[in-house]
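Residue numbers (this note's numbering), protein chains in the order written: chain B, 1 to 625; chain C, 1 to 122. The beta-carbon is built from N, C-alpha and C at its ideal position, and this holds for glycine as well. Okay, structure first, notes after.
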Amino acid sequence: MRDCWAAAPHAGCLATRWTPKSGPLERRGLQQPSCTASTVLLCSPAALLPRVAGLQVAPPPRHFASHTALPPQSWMFKRLFGGDGGGGASSSKPLPSNVSQKAQGSTIDAIQKLGETEELLTKRQALLERKIEQELERAKVFLRQNNKRAATMALKKKKLYQNQLEAVENNMLRVSEQQMGLENLRTTVEAVDALRTGAHASKATMQEMKIDDVDRVLDEINDQADQMRQIQDAMGQPIGMAADYDEDDLLGELEELEASTLDETMLGETAAVPGHRIPAEQQQQQLPSMPNAPTTKVQPAAPAKTAEELELEALQAEMASRSYCGASTYLGSGTPHLGAMGRTDRPENAAPPEIFYNEEEARKYTENSRMVNIQTQLTERALELLALPDDGEPKLLLDLGCGSGLSGETLTDRGHIWMGLDISPAMLEVASDREVEGDLCLHDLGHGLPIRPGSIDGAISISAVQWLCNADTSANEPRRRLRRFFESLYACLSKGARAVLQVYPANTDQAAMMTNAAMRAGFSGGLVVDFPHSTRAKKYFLVLMVGGTAALPQAKGLDGGEPDEEGQQEVYVGHRKTKRRKGGHGDKASQRDWIVRKKQQQRTRGYTGVKPDSKYTGRKRKDRF
Amino acid sequence: MRLLCHNMLQCHIKGVVNGYPLKIEAEKVETRETDYEPDFLRHIFPRIQWDALREAAAAMGVDDLPESVSEEMLEDESFLKQFHHALLEVHLEQGALVCPETGRKFVVSDGIPNLLLREDEC
Chain B
1 MRDCWAAAPH
11 AGCLATRWTP
21 KSGPLERRGL
31 QQPSCTASTV
41 LLCSPAALLP
51 RVAGLQVAPP
61 PRHFASHTAL
71 PPQSWMFKRL
81 FGGDGGGGAS
91 SSKPLPSNVS
101 QKAQGSTIDA
111 IQKLGETEEL
121 LTKRQALLER
131 KIEQELERAK
141 VFLRQNNKRA
151 ATMALKKKKL
161 YQNQLEAVEN
171 NMLRVSEQQM
181 GLENLRTTVE
191 AVDALRTGAH
201 ASKATMQEMK
211 IDDVDRVLDE
221 INDQADQMRQ
231 IQDAMGQPIG
241 MAADYDEDDL
251 LGELEELEAS
261 TLDETMLGET
271 AAVPGHRIPA
281 EQQQQQLPSM
291 PNAPTTKVQP
301 AAPAKTAEEL
311 ELEALQAEMA
321 SRSYCGASTY
331 LGSGTPHLGA
341 MGRTDRPENA
351 APPEIFYNEE
361 EARKYTENSR
371 MVNIQTQLTE
381 RALELLALPD
391 DGEPKLLLDL
401 GCGSGLSGET
411 LTDRGHIWMG
421 LDISPAMLEV
431 ASDREVEGDL
441 CLHDLGHGLP
451 IRPGSIDGAI
461 SISAVQWLCN
471 ADTSANEPRR
481 RLRRFFESLY
491 ACLSKGARAV
501 LQVYPANTDQ
511 AAMMTNAAMR
521 AGFSGGLVVD
531 FPHSTRAKKY
541 FLVLMVGGTA
551 ALPQAKGLDG
561 GEPDEEGQQE
571 VYVGHRKTKR
581 RKGGHGDKAS
591 QRDWIVRKKQ
601 QQRTRGYTGV
611 KPDSKYTGRK
621 RKDRF
Chain C
1 MRLLCHNMLQ
11 CHIKGVVNGY
21 PLKIEAEKVE
31 TRETDYEPDF
41 LRHIFPRIQW
51 DALREAAAAM
61 GVDDLPESVS
71 EEMLEDESFL
81 KQFHHALLEV
91 HLEQGALVCP
101 ETGRKFVVSD
111 GIPNLLLRED
121 EC
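So this is what it looks like as structure tokens:
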């Protein structure tokens with residue numbers, strides 16, 4: 001150690017021996033020495049540091065200090081280099097890694113110390129064991145010599161050594177324990193440190209990625225895709241001579257052609273059978289070479305085979321005409337399993353509405369509060385677009401595709417009288433259970449409306465008319481159905497009335513199909529798209545007017561805004577119905593009757609937990625209920 | 001199904017010319033009270049086919065509607081009450097609606113008429 005000091009040119013005055021403290025020195029950094037002694041350290045601690053660091057190769061054993069007396073001048077060094085790392089606070093801001101370095105250093109030293117102590121203890125243990133053995137031997141020797149006294153002395157010594165051994169072993173145990181604990185701690189600390197760095201890094205990366213940006217990018221992509229498709233459509237339009245032909249005429253001709261080919265196939269037994277009989281005949285010709293028994297067996301089989309084949313042919317022909325489908329396909333026969341009926345993307349692609357909306361779906365649909373909210377909002381917007389005269393008079397409205405009456409209830413809240421039509425019996429059952437005020441009819445919109453002309457003040461439809469765009473049998477179907485629907489709707493509306501249909505078109509084709517069918521039926525108006533810039537909030541309203549030259553209403557959210565969660569101002573027409581759902585049906589007896597009837601209904605439906613009827617059922621409670 | 005709805009319904013089978021009004025075959029009729037709104041009654045009165053309403057009401061057991069009506073009767077409170085009762089408070093729960101031309105029956109169950117047509121009818 002002395003030589004290093006001799007090597008330091010500027011530190012000539014510090015010639016005394018000193019005991020380097022373990023650890024803290026290398027962490028001092030640029031700390032200035034706090035010494036006020038007369039000895040001046042002419043070199044900077046930084047220059048000193050490398051030499052000092054060089055001394056840190058092997059930290060001294062723990063008890064080294066106890067063996068050497070600290071020279072009096074070492075207080076100087078203590079003050080120069082601070083205490084046990086207590087003055088080692090670095091001035092720089094502690095970054096996450098630096099803190100762990102300090103802690104790391106001390107634990108490493110501690111572990112090393114413990115390791116050495118353990119070694120020492122082990123040596124001592126070995127020594128003691130040897131001594132014990134020795135004494136035991138000596139005792140035996142004395143015994144042989146009949147020197148009882150000496151033997152006892154030897155045994156006493158042995159006992160002493162044994163006690164010491166025990167103590168040493170206990171210490172060893174403690175030391176090992178601590179060592180293990182420290183090592184565990186160290187690994188944990190390192191792991192935590194790594195995690196912290198990782199979190200820090202990921203936070204930095206996340207700053208760059210914002211969900212709004214992603215949304216915007218997606219919207220842009222969708223818009224561009226739409227535009228591209230529109231361009232393609234525009235390019236794909238037939239030009240010149242081809243455009244002059246009337247589509248409907250052509251489709252009608254095609255239908256007829258299909259029908260006639262189908263007839264041919266069905267009636268063409270004479271054509272089909274000979275074709276199939278030939279192989280049978282050939283077989284028969286081959287058979288005579290075989291014994292008789294198989295021949296007779298085969299013969300009845302042959303005509304059966306031809307009949308089967310005929311059926312197969314007919315089926316194939318039918319399938320061929322069916323397979324020319326429009327917007328979507330589905331398994332038409334029977335109810336698909338619920339797994340298949342699950343929403344792949346749109347319910348319209350799963351099954352026709354009367355099958356898709358079975359009891360369970362109907363219940364789920366109506367109990368879903370989000371669905372209820374959406375339907376209410378859409379209905380209110382549709383009413384807004386309906387622009388009924390603001391004279392406080394209730395109007396007679398149609399709710400097309402009323403389902404379980406979610407939209408109808410909003411109509412009732414606004415004081416209107418309405419009639420609802422829907423194709424799903426399950427949904428209508430839910431509606432009648434909820435005791436909606438409107439009249440319900442089980443009806444298929446594609447058959448045309450069964451309403452006499454000029455009788456309705458307005459019609460709304462929420463999320464229903466796009467079901468008409470689905471193909472059941474042939475591509476003609478949706479067009480024909482839409483045409484019948486719009487023509488009858490046009491007829492049944494009174495003068496100046498409007499129809500507002502909120503739809504979810506699958507693509508621009510469907511939207512165009514519906515709008516065109518409406519225009520051809522005589523309506524004016526068009527498609528109003530609310531929030532056209534947002535993929536989630538975009539809503540399509542087909543606003544149709546009977547006669548009149550009113551301009552199309554303004555869409556919402558054209559400036560790119562999002563719909564706010566607050567309700568808009570509401571306009572009430574007529575008397576606001578504030579009747580409570582249950583118990584508002586008349587006198588006490590009929591209330592109880594209603595309750596008992598409902599409970600019985602629930603029991604037959606299979607709801608568990610319906611309490612049995614008693615004298616307390618429907619009894620009058622205190623007002624605070 | 002209320003008589004208001006019935007008064008607007010007509011048979012929509014393809015090719016039927018005289019599909020209005022549908023005859024009512026009532027099996028179960030219920031009466032449910034509802035709020036009386038003279039504004040609506042006055043508004044809807046011009047559109048109601050009175051004869052059809054009277055006949056249908058008779059089929060449902062409501063006999064007290066007058067044979068011929070005019071606009072002045074709308075001022076009369078008692079007439080309005082009768083009108084209201086017949087139009088909005090009497091419900092057909094079970095029964096059938098019959099097309100006058102083809103005789104096709106549309107069954108009414110649980111208050112909901114089944115107006116679905118077969119393939120050949122539309």
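Check	Outcome
State yes or no: is the beta carbon of Gln82/C nearer than 8 Å to at least one beta carbon in chain E?	In the structure shown, chain E does not exist; the protein chains are B and C.
If we count the other Cβ atoms within 10 Å of its Cβ and call it buried at 16 or more, is Thr535/B buried or exposed?	exposed
Quick check: the region 67–87 of chain C against the region 606–616 of chain B, are at least 3 beta-carbon pairs closer than 8 Å?	no
Could you pull the start and end residues of the beta strand (DSSP E) that Arg498/B belongs to?	Leu493 to Val503
DSSP beta-bridge partners for Val29/C?	Leu92/C
Using a 10 Å radius around the Cβ and a threshold of 16 neighbouring Cβ atoms, would you call Ala551/B buried or exposed?	exposed
Using 8 Å as the limit for Cβ to Cβ distance, is Leu74/C near chain B?	no
Just to confirm before moving on: does the CB-CB distance between Val546/B and Gly496/B stay below 8 Å?	yes
With 8 Å set as the bound, which would you pick, yes or no: does the beta-carbon of Gln10/C sit closer than that to a beta-carbon of chain B?	yes
Which of helix, strand or coil does DSSP assign to Cys441/B?	strand
Listing by chain order, which chain C residues have their CB less than 7 Å from the CB of His443/B?	Leu115 and Leu116
Could you pull the start and end residues of the alpha helix (DSSP H) that Trp467/B belongs to?	From DSSP, Trp467/B is part of no alpha helix (DSSP H); its letter is neither H nor E.
Is Val543/B buried or exposed, if buried means 16 or more other CB atoms sit within 10 Å of its CB?	buried
Under DSSP, the alpha helix (DSSP H) around Met371/B begins and ends at which residues?	Ser369 to Leu386
Would Thr366/B pass as a contact of Thr410/B if the rule is Cβ separation under 8 Å?	no
Would you mind working out which of Arg42/C, Gly19/C and Ile13/C sits nearest Leu80/C, comparing C-alpha positions?	Arg42/C
What residues from chain C crowd round Gly448/B, counting only those whose CB sits closer than 8 Å?	His12 and Cys122
Is it buried or exposed, Asn470/B, if we count other Cβ atoms within 10 angstroms and call 16 or more buried?	buried
Any idea if Arg452/B is buried or exposed, counting beta-carbon neighbours within 10 angstroms, 16 or more meaning buried?	buried
Look up Lys538/B in the DSSP assignment and say whether it is helix, strand or coil.	coil
Tell me the DSSP secondary structure of Val175/B in three-state form.	helix
Anything in the region 381–414 of chain B with a Cβ closer than 8 Å to a Cβ of chain C? List those residues in chain order, please.	Gly392, Glu393, Pro394, Lys395 and Leu396
For the 8 Å Cβ check, are there 3 or more pairs between the region 415–424 of chain B and the region 52–62 of chain C?	no
For Val436/B, does the three-state DSSP call read helix, strand or coil?	coil
Do Ile423/B and Asp439/B have their C-beta atoms closer together than 8 Å?	no
Using 8 Å as the limit for Cβ to Cβ distance, is Cys5/C near chain B?	yes
Find the residues of chain C that neighbour Thr452/B, judging by a C-beta separation of less than 7 Å, and give them in chain order.	In the sequence as displayed, the identity of residue 452/B is Arg instead of Thr. Those are Met8, Gln10 and Tyr20, listed as they occur along chain C.
In three-state DSSP terms, what is Ile221/B?	helix
What residue range is occupied by the uninterrupted beta strand (DSSP E) comprising Ser109/C?	Lys105 to Ser109
Taking C-alpha atoms, which residue in Asp457/B, Leu251/B, Asn349/B and Leu165/B lies nearest to Ala387/B?	Asp457/B
Rank Leu3/C, Gly111/C and Thr102/C by C-alpha distance to the C-alpha of Cys11/C and give the top, closest one.	Thr102/C
Would you mind giving the Cβ-Cβ distance between Glu67/C and Pro394/B, rounded to the nearest angstrom? I have them listed as a contact below 8 Å.	About 27 Å; that fails the 8 Å criterion.
Below 8 Å on the Cβ atoms is my guess for Gly420/B versus Asp399/B; work out the distance and round it to an integer in Å.	4 Å
Leu65/C lies in the beta strand (DSSP E); which residues open and close that run?	First-last for Leu65/C: undefined, no H or E at that position.
What's the C-alpha gap between Leu65/C and Arg54/C?	6 Å
Could you work out which residues of chain C lie near Leu428/B, taking near to mean beta carbons separated by less than 8 Å?	Ile112
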